[in-house]
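Q:
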Amino acid sequence: MFGAILATISSAATAVVTAVKTLGPAVANFAAKVAPTVTAMMDKIPGLLSKVSNIASTFLGLTNIFQPGEKVEDMGEASLQAASDGITPDKFNNFDEYMDSLRNYKTDPEIAKERSSLEKTVAGMAIGTVGLEEKYNANPGDFKDIWLEVDPEIWTGA
Numbered sequence: 002m003f004g005a006i007l008a009t010i011s012s013a014a015t016a017v018v019t020a021v022k023t024l025g026p027a028v029a030n031f032a033a034k035v036a037p038t039v040t041a042m043m044d045k046i047p048g049l050l051s052k053v054s055n056i057a058s059t060f061l062g063l064t065n066i067f068q069p070g071e072k073v074e075d076m077g078e079a080s081l082q083a084a085s086d087g088i089t090p091d092k093f094n095n096f097d098e099y100m101d102s103l104r105n106y107k108t109d110p111e112i113a114k115e116r117s118s119l120e121k122t123v124a125g126m127a128i129g130t131v132g133l134e135e136k137y138n139a140n141p142g143d144f145k146d147i148w149l150e151v152d153p154e155i156w157t158g159a
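Letter by letter, the sequence shown follows residues 2 to 159 in the numbering used here.
See the structure below:
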């Protein structure tokens with residue numbers, strides 16, 4: 002039974018990493034290093050996904066990466082659907098132009114229903130990470146671990 006649980010977690014992590022990689026090279030470090038860890042933890046601890054989503058949405062709003070009221074899950078879904086149309090951060094001169102394109106992108110609710118909240122949330126976190134790195138003139142990948150440090154207690158389920 003434990004093997005089946007691990008296989009399920011591994012399958013979820015693989016699906017999320019695969020989805021996030023479609024966002025292009027700007028999220029490569031996040032997809033390779035952070036997404037598997039975050040996905041495994043959120044899949045394992047009940048209620049963690051909701052906590053992480055709320056923390057990420059609030060943090061990205063406070064840092065002006067997201068606008069007031071924008072949710073990490075919604076921006077993640079928009080980024081994933083836009084990526085399927087070739088709209089990825091690397092196609093824009095700067096992150097703000099990319100975010101404007103996401104805000105104006107019409108998402109398909111039927112496609113959104115097929116995607117897990119986990120995929121949407123991790124994709125939104127990946128996009129937020131790209132925004133933070135650009136805003137603070139950091140190198141790609143410098144902010145990849147920030148989600149593990151925002152509130153360490155969420156990773157322990159406390």
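The beta-carbon is built from N, C-alpha and C at its ideal position, and this holds for glycine as well. Note that the coordinates shown come from a computational prediction; the quantities given were computed from them, not determined experimentally.
(1) Under the assumption that residue 54 contacts residue 124 (Cβ atoms under 8 angstroms), give the Cβ distance between them as a whole number of angstroms.
(2) Round the Cβ separation of residue 102 and residue 84 to the nearest angstrom and send it over; I've been treating them as touching at under 8 angstroms.
(3) With a threshold of 8 angstroms, are at least 3 pairs of Cβ atoms found where one atom belongs to the segment 93 to 102 and the other to the segment 127 to 136?
(4) Do residue 106 and residue 88 have their C-beta atoms within less than 9 angstroms of each other?
(5) With residue 69 as the anchor, note down where its alpha helix (DSSP H) starts and where it stops.
(6) Quick check: the Cα distance between residue 201 and residue 39, rounded to an integer number of angstroms?
(7) Kindly indicate the opening and closing residues of the alpha helix (DSSP H) around residue 99.
(8) Tell me whether residue 109 sits in a helix, a strand or coil according to DSSP, three-state version.
(9) Measure the Cβ-Cβ separation of residue 78 and residue 108 and say whether it is below 9 angstroms.
(10) Nearest-angstrom Cα distance between residue 163 and residue 91?
(11) What three-state label does DSSP hand residue 89 in the structure shown?
(12) DSSP three-state label for residue 84, please.
A: Reading it off the structure:
(1) The residue given as residue 54 occupies position 53 in the sequence shown. The residue given as residue 124 occupies position 123 in the sequence shown. Between residue 124 and residue 54 the Cβ distance is about 12 angstroms, and since that is not below 8 angstroms, they are no contact.
(2) The count along the sequence shown starts at 1 and reaches residue 102 at position 101. The count along the sequence shown starts at 1 and reaches residue 84 at position 83. Rounded, the Cβ-Cβ distance is 11 angstroms, inconsistent with contact.
(3) yes
(4) Position 105 of the sequence shown, counted from the first residue, corresponds to residue 106. Position 87 of the sequence shown, counted from the first residue, corresponds to residue 88. In this structure, residue 88 lies closer than 9 angstroms to residue 106 by Cβ.
(5) Here the question's residue 69 lines up with position 68 in the sequence shown. Premise fails: residue 69 is in no alpha helix (DSSP H) and is neither H nor E.
(6) Coverage of the chain is limited to positions 2 through 159, which leaves residue 201 absent and any answer about it impossible.
(7) Here residue 99 refers to the residue found at position 98 of the sequence shown. Start and end: 96 to 105.
(8) For this step, residue 109 is matched to residue 108 along the sequence shown. It is coil, neither helix nor strand.
(9) By one-based count along the sequence shown, residue 78 stands at place 77. By one-based count along the sequence shown, residue 108 stands at place 107. Yes; because the gap between Cβ atoms is below 9 angstroms, this pair is in contact.
(10) In the structure displayed, the chain extends from 2 to 159; residue 163 sits before or after that span and is not available.
(11) The count along the sequence shown starts at 1 and reaches residue 89 at position 88. Coil, per DSSP.
(12) Against the sequence shown, residue 84 aligns to sequence position 83. Residue state, collapsed to three classes: helix.
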